[in-house]
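Undergrad: Sequence lines, in order, name chains A and B. Residue 198 in this note's numbering sits at position 144 of the first sequence, and the numbers go up by one each step. Residue 202 in this note's numbering sits at position 201 of the second sequence, and the numbers go up by one each step. Provided herewith is a single structure, encoded as structure tokens, for subsequent inquiry.
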Amino acid sequence: MGAEEPGLHAPCALAPQGKVGENVTMSINQLVFGPPAPLPMTSPPLRAVDTLTGPERMRLQDISVFYDGVAAVKQASLSIHKGEVLALIGPSGCGKTTLLRTLNRLTELTPNASHSGTITLDGDDIHELEDTKLRARVSMVFQQPNPFPMSIFDNVAFALREQSRRRPRRRELEPLVKQALQRAGLYEEVANNLDRPALRLSGGQQQRLCIARAIANNPEILLMDEPCSALDPRSTAVIEDLILQLRSDLAVVIVTHNLQQARRIADRVAFMYLGDLVELADARELFESPREERTREYIAGAFG
Amino acid sequence: MAAGEPQPAALPLAPQRRGGRRSSVRSWRRGDQLIYALAWIAGLGLCVVASAIVIFLAVKGLQYLDPKLLVTRPSAAVNQANSGGFLDPLIGTLTTAALGTLIATPLAVITAVWVVEYGRPRWLAGIVETSIEMIAGTPDIVIAIFGLAFFQLGIFAPFSFRASGGGVYGRSFLAAGIMMSLIALPLTYTATRNGLRAIPRHRREASYALGKTRIATIRRVLLPSLRPDIATGATLGLGRIIGSTAIVVLLLGATLQNIPQNGAPLIGFLRGTGSTLPSYIFFNSPAGEGNAPQKAYAAAFVLLIIVLGLNWAVGRISRIGASASLSTGRMS
């Protein structure tokens, strides 16, 4: 499976706004009454937003990741572009989270992990970069909302405070914190008191705070490890909207178990199975006419 | 508002109940009944014992406690009217408690941080862990006698003073405080270590994923949420320090009065010998030389008040710390 250059998929831009509601009903019906006879050819992607795919940011070349010598990811190669949402899907244990965590070298923190192959960020080997510098450029949002036990302001400011001798003053940080919270769509809700403890926010707000924290430093790539799986449907919808807005500035790589979510937000989808990157294609193509048998089975099984 | 929906103002229509009928104890298995009964008896029994101690000491203590005792220095006299109060032991107790806790707490916290967050090489972390367990299991009289041998070494003369013969005396507030920190250290260490281990991994990773170093993560993310654990450990340690008698007798000299050495005022005091409330209580108990049980009761009551007060204060501080960051930072 080689790296594929994403094409523009104009059809999704043509989906009329009025249809969106119908489509939601339709997919719920599918869930309740089982899969429709043919694979969901008839339902166009739910998203009515154009793709924004820009220049390549990150490239993975034959990346394998091992735990105690056993491969969890086998020779995956792909590229990540500015302005796209790349979804990694696949059954539990297929290596998608491991692959994601390799992109900002979090797998290194597991003592028995090792890797082969190369990953470049804007042409530089990420293993040659300092880990802290890399992670400032490739930041991450986790499955569990995990704000730090400090104020809302400090949570975002924590990301902004460089590892410098001198602590920047609050006055210098304030506009940046505000901007990050605005981009994460949280500012309006918390503007009246940024000094509130972050753990007092609701789950969905906490996750948006984590997103604000992750984008505060203007990273080039945002990794998301099932960011909505601990949230209710309403918060999930808010965060999905947010992801679609954020991708204009950066590349988003998202691991999700929720195929509907991948359909809603992804520009490209990578299907992984037992450590193999089985298929990587434009979202519409992968869901509607998968080339690989395993992809087809997984999508059909998960829909049924 | 639709008809049939209750109006908000008229909410308590039905009487509120807290629960429903439960299974009767008689229908339980014998073993379950026994454990249930024992749980009640043990819990209530401990309450009775604890309140008996407090009430006994309060009655005896208040009976003999003359405020003058708190501010008069003790002196050796056969006539109890002239033997003074326990100002010096009171100061001694507070000094050793402060000294021991101030040494033990930072040491315990950074050791726990190293073991949990770094802990490499693993065998070294294992040795550190075992050493602390060993210190925890060592009776304080053994720590005391080791400390005496230790602080009588020539190089430790600055910690106490040289006796007239030229030998190092080895007994002082500094020597006692340092050895007392050893008996508090394992408690603070264990509490901090357990607190660190209870912080989920993804919280650390959230910080690493923002490009933060391990040490920045420890200082800004982990330690603030450990405040209640550290406070609990420090309180337990404080209790052991205040109650320790063996170390006072061997390493503080257990002189009735605090006798400062020459030098700067505070340094001289710390290099000198003295006593604490436990050693004063022992001295004045029927088993000791003073044999003035009334004063022993009064001192015991004061000691109890100090311990309870410190427990309350530390709990309070850690609650304030915890509510500042809300929760221990371990939710989810």
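Glycine residues also receive a C-beta, built at the ideal position from the N, C-alpha and C atoms.
1) If the cut is a Cβ gap below 7 Å, which residues of chain B does A:Asn-272 touch?
2) Output the distance between the C-alpha atoms of B:Ala-15 and B:Arg-22, rounded to the nearest integer angstrom.
3) Are the region 237 to 255 of chain A and the region 188 to 208 of chain A in contact at 8 Å, needing three or more beta carbon pairs?
4) Curious, which full-length alpha helix (DSSP H) runs of at least 4 residues does the region 213 to 261 of chain B contain?
5) Please confirm whether A:Gln-198 has its beta-carbon closer than 8 Å to some beta-carbon of chain B.
6) Buried or exposed for A:Pro-344, please, with buried defined as at least 16 other CB atoms from any protein chain shown within 10 angstroms of its CB.
7) On a Cα-Cα basis, can you pick out the residue from B:Ala-297, B:Ala-232, B:Pro-294, B:Leu-278 that is closest to B:Ile-321?
8) Under a three-way DSSP split, which group does A:Glu-76 fall into?
9) Here's the rule: buried if 16 or more other CB atoms are within 10 angstroms of the residue's CB, otherwise exposed. What is B:Ala-213?
10) Assuming B:Ala-105 contacts B:Ala-185 under a Cβ cut-off of 8 Å, what Cβ separation, rounded to an integer in Å, is found between them?
11) List the endpoints of the continuous beta strand (DSSP E) containing A:Lys-128.
12) Just mark A:Arg-111 as buried or exposed, buried being the case when its beta carbon has 16 or more other beta carbons within 10 Å.
13) Just by C-beta distance, which residues in the region 191 to 222 of chain B are closer than 9 Å to chain A?
14) I'd like to know if B:Pro-225 contacts chain A, where contact means its C-beta is closer than 8 Å to some C-beta of that chain.
15) For A:Gly-61, is the classification buried or exposed, using 16 other Cβ atoms within 10 angstroms of its Cβ as the cut-off for buried?
16) DSSP state of B:Arg-22, grouped into three classes?
17) When Cβ atoms are compared, which residues of the region 157 to 180 of chain A fall closer than 8 Å to chain B?
18) What number of angstroms, rounded off, separates the C-alpha of B:Thr-256 from the C-alpha of B:Ala-150?
19) Does A:Lys-187 come within less than 8 Å of chain B when only Cβ atoms are used?
20) Across the region 106 to 116 of chain B and the region 182 to 199 of chain B, are there enough close Cβ pairs to call them in contact, namely three or more that are closer than 8 Å?
21) Going by DSSP, what residue range makes up the alpha helix (DSSP H) through B:Gly-275?
22) If contacts are defined as beta-carbon pairs under 8 Å, then A:Leu-276 and A:Val-195 qualify, I think. What distance do you get, rounded to the angstrom?
23) Spell out whether any CB of chain B is found under 8 Å from the CB atom of A:Arg-267.
24) State the Cα-Cα distance for the pair A:Leu-100 and A:Val-292, rounded to the nearest angstrom.
25) Let me check understanding here. Comparing Cα to Cα, which of B:Ile-133, B:Gly-168, B:Ile-146 lies closest to B:Gly-362?
26) When DSSP labels each residue in this structure, what does B:Phe-364 get in the three-state scheme?
27) Could you tell me the distance, in whole angstroms, from the CA atom of B:Leu-71 to the CA atom of B:Asn-285?
28) Kindly give me the distance between the Cβ atoms of A:Leu-331 and A:Ala-324, rounded to whole angstroms, as I take these residues to be in contact under 8 Å.
29) By alpha-carbon positions, which one of A:Arg-155, A:Gly-239, A:Gln-129 ends up nearest to A:Asp-279?
30) With 16 as the cutoff for other CB atoms within 10 Å, does B:Lys-296 come out buried or exposed?
31) Is there at least one Cβ from chain B nearer than 8 Å to A:Ala-337's Cβ?
32) To the nearest whole angstrom, what separates the beta carbons of B:Gly-93 and B:Ser-276, a pair I think is in contact under 8 Å?
33) Decide if B:Ser-76 is buried, meaning its Cβ has at least 16 other Cβ atoms within 10 Å, or exposed.
34) Pull up the distance between the alpha-carbon of A:Leu-240 and that of A:Ile-297, whole angstroms please.
35) Per DSSP, what kind of secondary structure is B:Tyr-190 in: helix, strand or coil?
TA: From the atom records:
1) As a first step, residue 272 of chain A is located in the first sequence; it is residue number 218 there, counting from the start. Annotation: A:Asn-272 has no Cβ neighbours in chain B at a cutoff of 7 Å; minimum Cβ distance is about 12 Å.
2) Position 14 of the second sequence holds residue 15 of chain B. Position 21 of the second sequence holds residue 22 of chain B. Their Cα atoms are separated by approximately 18 Å.
3) Cβ pair count under 8 Å is three or more, so yes.
4) For the region 213 to 261 of chain B, the continuous alpha helix (DSSP H) assignments of 4+ residues that do not extend past its boundaries occur at 215 to 218, 228 to 244, 247 to 252, in sequence order.
5) Here residue 198 of chain A corresponds to residue number 144 of the first sequence, with the count starting at 1. Taking 8 Å as the threshold, the shortest C-beta distance from A:Gln-198 to chain B falls below it.
6) Residue numbering aside, residue 344 of chain A sits at position 290 when the first sequence is read from its first letter. When all chains shown are included, A:Pro-344 counts as buried.
7) Taking the second sequence and counting its residues from 1, the one referred to as residue 321 of chain B is at position 320. Of the candidates B:Ala-297, B:Ala-232, B:Pro-294, B:Leu-278, the residue whose Cα lies closest to the Cα of B:Ile-321 is B:Ala-232.
8) Start at 1 with the first residue of the first sequence, and residue 76 of chain A comes out as number 22. Because A:Glu-76 sits at a pLDDT of 45, beneath the cut-off of 50, its placement in the model cannot be relied upon, and the following sentence gives the value as read from the coordinates. The answer is helix: DSSP assigns A:Glu-76 an H, G or I state.
9) Taking the second sequence and counting its residues from 1, one reaches residue 213 of chain B at position 212. It is Lys, not Ala, that sits at residue 213 of chain B in the sequence shown. Buried is the call here.
10) Start at 1 with the first residue of the second sequence, and residue 105 of chain B comes out as number 104. Start at 1 with the first residue of the second sequence, and residue 185 of chain B comes out as number 184. The Cβ separation is near 4 Å, so the contact holds.
11) Here residue 128 of chain A refers to the residue found at position 74 of the first sequence. Here the beta strand (DSSP E) through A:Lys-128 covers 124 to 135.
12) Here residue 111 of chain A refers to the residue found at position 57 of the first sequence. Result: buried.
13) Cβ contacts with chain A come from Pro-201, Arg-202, His-203, Arg-204, Arg-205, Glu-206, Ala-207, Ser-208, Tyr-209, Ala-210, Leu-211, Gly-212, Lys-213, Thr-214, Ala-217, Arg-221, Val-222.
14) Against the second sequence, residue 225 of chain B aligns to sequence position 224. Chain A contact via Cβ: present.
15) Counting from one through the first sequence, the residue named residue 61 of chain A turns up at place 7. Because A:Gly-61 carries a pLDDT of 42, less than 50, the predicted location of this residue cannot be relied on, and no value is offered for it.
16) Along the second sequence, one-based indexing puts residue 22 of chain B at 21. DSSP places B:Arg-22 in coil when its eight states are reduced to three.
17) Hits within the stretch, in order: Asn-158, Leu-160, Leu-163.
18) Residue mapping note: residue 256 of chain B aligns to position 255 of the second sequence, counting from 1. Residue mapping note: residue 150 of chain B aligns to position 149 of the second sequence, counting from 1. Straight-line Cα distance between these residues: approximately 19 Å.
19) As a first step, residue 187 of chain A is located in the first sequence; it is residue number 133 there, counting from the start. Taking 8 Å as the CB threshold, A:Lys-187 lines the interface with chain B.
20) Touching, yes.
21) What you label residue 275 of chain B is simply residue 274 of the second sequence in a count that begins at 1. Looking at the DSSP string, B:Gly-275 is not in any alpha helix (DSSP H), and its letter there is neither H nor E.
22) Taking the first residue of the first sequence as position 1, residue 276 of chain A is located at position 222. Taking the first residue of the first sequence as position 1, residue 195 of chain A is located at position 141. Contact check for A:Leu-276 and A:Val-195: beta-carbon distance about 7 Å, within the 8 Å limit, so the pair qualifies.
23) Locating residue 267 of chain A in the first sequence gives position 213, counting from the first residue. So yes, A:Arg-267 belongs to the interface.
24) For this step, residue 100 of chain A is matched to residue 46 along the first sequence. For this step, residue 292 of chain A is matched to residue 238 along the first sequence. In this predicted model, A:Leu-100 has a pLDDT of only 46, less than 50, meaning its place in the structure is not dependable; the value taken from the coordinates is given anyway. Taking the straight line joining both Cα atoms gives about 15 Å.
25) Given a span of 2 to 333 for chain B in the structure shown, any question on residue 362 of chain B remains unanswerable.
26) Look at the range of chain B in this structure, 2 to 333, and you will see that residue 364 of chain B is not part of it.
27) On the second sequence, position 70 is the one that residue 71 of chain B refers to. On the second sequence, position 284 is the one that residue 285 of chain B refers to. If you draw a straight line from the Cα of B:Leu-71 to the Cα of B:Asn-285, it is about 15 Å long.
28) What you label residue 331 of chain A is simply residue 277 of the first sequence in a count that begins at 1. What you label residue 324 of chain A is simply residue 270 of the first sequence in a count that begins at 1. Between A:Ala-324 and A:Leu-331 the Cβ distance is about 6 Å, and since that is below 8 Å, they are a contact.
29) One-based indexing of the first sequence puts residue 279 of chain A at position 225. For the residues A:Arg-155, A:Gly-239, A:Gln-129, the minimum Cα distance to A:Asp-279 belongs to A:Arg-155.
30) Counted from its first residue, the second sequence places residue 296 of chain B at position 295. When all chains shown are included, B:Lys-296 counts as buried.
31) For this step, residue 337 of chain A is matched to residue 283 along the first sequence. It does not; no Cβ of chain B falls within 8 Å.
32) Looking up residue 93 of chain B in the second sequence gives position 92. Looking up residue 276 of chain B in the second sequence gives position 275. The Cβ separation is near 5 Å, so the contact holds.
33) Residue mapping note: residue 76 of chain B aligns to position 75 of the second sequence, counting from 1. Looking at its Cβ environment, which holds fewer than 16 other Cβ atoms inside 10 Å, B:Ser-76 is exposed.
34) For the purposes of this step, residue 240 of chain A is taken as residue 186 along the first sequence, with counting starting at 1. For the purposes of this step, residue 297 of chain A is taken as residue 243 along the first sequence, with counting starting at 1. Straight across, the Cα-Cα distance linking A:Leu-240 with A:Ile-297 is about 13 Å.
35) Along the second sequence, read from residue 1 onward, the residue named residue 190 of chain B stands at position 189. Of the three classes helix, strand and coil, the one that applies to B:Tyr-190 here is helix, per DSSP.
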